[in-house]
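Asks: Just dropping this structure here.
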Amino acid sequence: LMRQSTSALAMLSLSDDPEAQLAAARHYVEHKLSKNLPRLAPTASYGHGKIRIAYCSSDFCLHPVAMLTAELFELHDREQFEVYGYCWTQQGHSPLRQRIIDAMDHFERIDSLTDEAAARLIREHEIDILVDLHGQTLGARANLLAYRPAPIQITYLGLPATTGLPSIDYVIADRFLIPEEYACYYSEKPLYMPDVYQVSDRQRKINPAPSRESCKLPAEAFVFCSFNNNYKYTPELFEAWMNILRRVPDSVLWLLADNPWSEINLKNHAKNFGIDPHRLIFASRVAPEDYLARYAVADLFLDSFPFNAGTTANDALWMGLPVLTLTGRSFASRMAGALLTAAELPELITYDLLSYENKAVELAQTPDRCSRLKAHLQKVKTDGVLFDTPRFVRNLEQQFKQLVAELN
5 LMRQSTSALA MLSLSDDPEA QLAAARHYVE HKLSKNLPRL APTASYGHGK IRIAYCSSDF
65 CLHPVAMLTA ELFELHDREQ FEVYGYCWTQ QGHSPLRQRI IDAMDHFERI DSLTDEAAAR
125 LIREHEIDIL VDLHGQTLGA RANLLAYRPA PIQITYLGLP ATTGLPSIDY VIADRFLIPE
185 EYACYYSEKP LYMPDVYQVS DRQRKINPAP SRESCKLPAE AFVFCSFNNN YKYTPELFEA
245 WMNILRRVPD SVLWLLADNP WSEINLKNHA KNFGIDPHRL IFASRVAPED YLARYAVADL
305 FLDSFPFNAG TTANDALWMG LPVLTLTGRS FASRMAGALL TAAELPELIT YDLLSYENKA
365 VELAQTPDRC SRLKAHLQKV KTDGVLFDTP RFVRNLEQQF KQLVAELN
């Protein structure tokens, strides 16, 4: 019943069962997608001198997807690729949006076009590879993709799960994120990146670190943090967090103030577990540069499960904060593990709640280990593959060239 009544996006917080997520995605396609739409693109390559890549999204604004991908658009090799952006967002004039517009060779607003008209425009531009940054998330235009406006269509970042869409050929992944034995649970073929699936932006702006006092944090406490959206917190995860606080008396849990009802509920649940609700400290939403600066005053990031941190884990690691994750079988439950694998920190990947809890306590009780992990992350930032965006872009372009060559 859950597979039939739950959207693919909602499933991410409920279960790490990839088979159930595929069923939910296919149920969406069966009941929401138009059928028998005409295919617009040819099956062969257009044979342009440069490969035409297009990215389509309504999230070219202050959105996690845009925050990760801005530098990707900038670094594409213009000797070999021509880059298009198709956007249907209503948000106007943020510096990030302008940066993305400037990074595209061609930027088209398609919010006033029907799905068919937008698909025909993409076809007229003879796009070789269309990369959808939405999946089945809010504002998605799956029927646009169903017209097959490009001979190669790929899903990336927007939905951390299979789309179930017959019109999507590939999903960008790595071998930790989607092990080969799990590929059968994806309607798309994994396009494996050699290092990590997630691109990073090295140009993100960061304000000076705040003081603990200004963040209402105790000066000497061990600060666990989790700035994930609150809908990612399950009862089982929250109970593990309360066990951690009980076992580490001089500690607090720093959370995102997502909404007032969630804050009240979480404090009440803490009280039910015998934990002083004042040990849960809530941080309001702030500008991205202030949000990033906050990580400097935390000690350990506690990931959510089964819907891991994605961009949020990237942000924490970029700021040098160790991330402790719990890994499952689904895309969403393997995101942080994929980043930690690229960062050469497998010791921060756990596979059951008790191990997760024990590792958090162990790290809190040996602060020098957290310090060593932070020092390691500083080296990763400068020398590792996780944040080597030029390397990521060259690897992705190599994959794109191979896909186009296979059309001929």
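Residue numbers for the sequence shown follow my numbering, so the first one is 5 and each next one is one higher. Heads up, the beta-carbon is just placed ideally off N, CA and C, and yes, glycines get one too. Since the model is a prediction, treat every value here as computed from it, not as a measurement.
For Y299, which residues of its own chain have a beta-carbon under 6 angstroms away from its beta-carbon, when the five flanking residues on both sides are left out?
Replies: Cβ within range, chain order: A320, M323 and L325.
Asks: Pull up the distance between the alpha-carbon of Q157 and that of L125, whole angstroms please.
Replies: One C-alpha to the other measures close to 15 angstroms.
Asks: Which residue spans inside the segment 10-65 form an unbroken alpha helix (DSSP H) run of at least 4?
Replies: Within the segment 10-65, the complete alpha helix (DSSP H) runs of at least 4 residues are 12-18 and 22-36.
Asks: Just grab the DSSP bridge partners of T118 for me.
Replies: Paired residue(s): none; T118 is not in a bridge.
Asks: Relative to the C-alpha of R289, which candidate in P394, R30 and L66 has its C-alpha closest?
Replies: Ranking P394, R30 and L66 by Cα distance to R289 puts L66 first.
Asks: Relative to the alpha-carbon of P183, which residue among L357, T331 and V389 has its alpha-carbon at the smallest distance?
Replies: Looking at the Cα atoms, T331 is the closest of the given residues.
Asks: Could you say which of A29, D280, H138 and S191 lies nearest to M246 if we only look at CA atoms?
Replies: Closest by alpha carbon: D280.
Asks: Hey, D20 and P310 are a contact pair by Cβ (cut 8 angstroms); roughly how many whole angstroms apart?
Replies: Yes, D20 and P310 are in contact; Cβ-Cβ is about 4 angstroms, under 8 angstroms.
Asks: In or out: K363 buried (at least 16 other Cβ within 10 Å) or exposed?
Replies: Answer is buried; the Cβ neighbour count reaches 16.
Asks: CB F305 to CB C229, shorter than 8 angstroms?
Replies: In contact: F305 and C229 (Cβ atoms closer than 8 angstroms).
Asks: Taking only runs of the beta strand (DSSP E) that begin and end inside the segment 138-212, which ones reach a length of at least 3 residues, in chain order?
Replies: Counting only runs of 3 or more, we get 156-159, 174-177 and 193-196.
Asks: Taking the straight line between their C-alpha atoms, what separation do you get for N399 and I176?
Replies: Each residue's alpha carbon lies about 12 angstroms from the other.
Asks: Check G314 in the structure and name its three-state DSSP category.
Replies: G314 falls in the coil class under three-state DSSP.
Asks: Where does E413 sit, in a helix, a strand or coil, going by DSSP?
Replies: What is shown of the chain runs 5 to 412, which leaves residue 413 out entirely.
Asks: By the DSSP assignment, the beta strand (DSSP E) with F391 in it spans what residues?
Replies: Neither: F391 is in no beta strand (DSSP E) and is coded neither H nor E.
Asks: Closest to A340 by C-alpha separation, out of L13, L357, D356 and T316, would be which residue?
Replies: Per the Cα distances, T316.
Asks: Are the beta-carbon atoms of D307 and T329 separated by less than 8 angstroms?
Replies: For D307 and T329, yes; Cβs fall inside 8 angstroms.
Asks: Where do the ends of the alpha helix (DSSP H) carrying W92 lie?
Replies: That residue, W92, is in no alpha helix (DSSP H); it is neither H nor E in DSSP.
Asks: Would you kindly report the start and end of the unbroken beta strand (DSSP E) that includes A274?
Replies: From DSSP, A274 is part of no beta strand (DSSP E) but of the alpha helix (DSSP H) over P264 to N276.
Asks: As a quick exercise: from L169, S61 and L358, pick the residue whose alpha carbon is nearest that of A244.
Replies: Selected option, being the one with the closest Cα: L358.
Asks: Which of the three DSSP states is assigned to H282 in this structure?
Replies: Helix, per DSSP.
Asks: Which class does F305 belong to by DSSP, given the choice of helix, strand or coil?
Replies: In this structure, F305 counts as strand in the three-state DSSP scheme.
Asks: What would DSSP say about A364, mapped onto helix, strand or coil?
Replies: The answer is helix: DSSP assigns A364 an H, G or I state.
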